[in-house]
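Data block below; observations after.
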Amino acid sequence: QKEVEQDPGPLSVPEGAIVSLNCTYSNSAFQYFMWYRQYSRKGPELLMYTYSSGNKEDGRFTAQVDKSSKYISLFIRDSQPSDSATYLCAMSGNRDDKIIFGKGTRLHILP
Amino acid sequence: DSGVTQTPKHLITATGQRVTLRCSPRSGDLSVYWYQQSLDQGLQFLIQYYNGEERAKGNILERFSAQQFPDLHSELNLSSLELGDSALYFCASSGGTGYQPQHFGDGTRLSIL
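If you're matching them up, the sequences are chains Y and G in order. To convert a position in the first sequence, counted from 1, into the working numbering, add 237. To convert a position in the second sequence, counted from 1, into the working numbering, add 340.
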């Protein structure tokens, strides 16, 4: 079993829809959870990070962590064509641990 | 713009050769991380330096080495290159105390012919 599992997609949704992106993980020691967005030919850009369980909201983005289920989600409200990118989940055990990335989900927002 | 600068953007070389990739972290960041991204393996952690000292090692091959200089920039050296080393190489940086998320540069695309 891989440490972090993420559906590669592609996921295509119409503009304005709510997008749900998810990852599962196996290591119960993970405490920091991150979502990165990566456009083609660019580096990953940090969108959100959370510590332990719970929700965090930033504009149109909401991150959720359910440690009991080892499941994290990123919701994008009112999706825009500019949201089309690859979304990578990432997690680590503590500040000094290496970050383990999912392989990313390709998202296409259709105008 | 993340503030992390990587050069060159693209490198084309042949098998058996050696290359050096360079990274300048964000101003004030003490940690530098190197990652390799390929289509089949995703983003893989290679190595971390903190204020000039090696801090953590990931899946880095013995043919690869890195260092961080007193001005905090870092170099990743790849030698005896093989076709399978073709990938995107990213550098990320983060700050010092407390949890600090990593910020990535735009990478160096390495093509081995």
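In this text, a Cβ means the ideal position worked out from N, Cα and C, and glycines have one as well.
Asked: Give the straight-line distance between the Cα atoms of Lys304/Y and Lys340/Y, rounded to the nearest whole angstrom.; Found: 20 Å
Asked: Within the continuous beta strand (DSSP E) that includes Arg274/Y, where are the two ends?; Found: Tyr269 to Gln275
Asked: Give, in chain order, every residue of the region 438-452 of chain G whose Cβ lies closer than 9 Å to some Cβ of chain Y.; Found: Gly438, Tyr439, Gln440, Pro441, Gln442, His443, Phe444, Gly445, Asp446, Gly447 and Arg449
Asked: Establish whether the CB of Tyr308/Y and some CB of chain G are separated by less than 8 Å.; Found: no
Asked: Compare the C-beta of Leu325/Y with all C-beta atoms of chain G and state if any pair is closer than 8 Å.; Found: yes
Asked: Using only CA atoms, which one of Phe298/Y, Ser319/Y and Cys326/Y lies nearest to Tyr308/Y?; Found: Cys326/Y
Asked: Apart from the five residues just before and just after Arg314/Y, which ones in its own chain have a Cβ nearer than 7 Å to its Cβ?; Found: Ile255 and Arg297
Asked: Is the separation between the beta-carbon of Leu386/G and that of Gln377/G shorter than 8 Å?; Found: no
Asked: What residues in the region 396-421 of chain G have a beta carbon less than 8 Å from any beta carbon of chain Y?; Found: Ala396 and Gly398
Asked: Which word fits Pro318/Y, buried or exposed, when buried means at least 16 other C-beta atoms lie within 10 angstroms of its C-beta?; Found: exposed
Asked: So, helix, strand or coil for Asp295/Y, using DSSP?; Found: strand
Asked: Would you give the residue range spanned by the beta strand (DSSP E) that Tyr250/Y belongs to?; Found: The residue you asked about is not Tyr; residue 250/Y is Val in the sequence shown. Where Val250/Y is concerned, the enclosing beta strand (DSSP E) stretches over Leu248 to Pro251.
Asked: Cβ of Gln384/G within 8 Å of Cβ of Asn399/G?; Found: yes
Asked: Taking only beta carbons into account, state which residues of the region 263-291 of chain Y come closer than 8 Å to chain G, listed in chain order.; Found: Tyr269, Met271, Tyr273, Arg278, Lys279, Gly280, Pro281, Glu282, Leu283, Tyr286 and Tyr288
Asked: Could you check whether the region 402-412 of chain G touches the region 342-350 of chain G, counting it as contact only if at least three pairs of C-beta atoms, one from each stretch, sit closer than 8 Å?; Found: no
Asked: Just verifying my parser: in three-state terms, what is the DSSP assignment at Gly424/G?; Found: helix
Asked: Hey, is Leu370/G's beta-carbon within less than 8 Å of any beta-carbon in chain Y?; Found: no
Asked: Could you have a look at Asp303/Y and say whether DSSP puts it in helix, strand or coil?; Found: strand
Asked: Does the region 443-450 of chain G come into contact with the region 276-283 of chain Y, if we say contact requires no fewer than three beta-carbon pairs (one atom in each stretch) closer than 8 Å?; Found: yes
Asked: Counting Cβ pairs, one atom from each stretch, are 3 or more of them under 8 Å apart for the region 423-434 of chain G and the region 361-372 of chain G?; Found: yes
Asked: Could you work out which residues of chain G lie near Lys340/Y, taking near to mean beta carbons separated by less than 7 Å?; Found: Gly382
Asked: Can you tell which of Gly291/Y, Thr299/Y and Leu248/Y has the C-alpha that lies nearest to the C-alpha of Met285/Y?; Found: Thr299/Y
Asked: Pick from Met328/Y, Ile346/Y, Ser306/Y and Arg343/Y: whose alpha carbon is nearest that of Tyr269/Y?; Found: Met328/Y
Asked: Going along the chain, which residues of its own chain have a beta-carbon closer than 7 Å to the beta-carbon of Cys260/Y, five neighbours each way excluded?; Found: Val241, Glu242, Gln243, Ile309, Cys326 and Gly339
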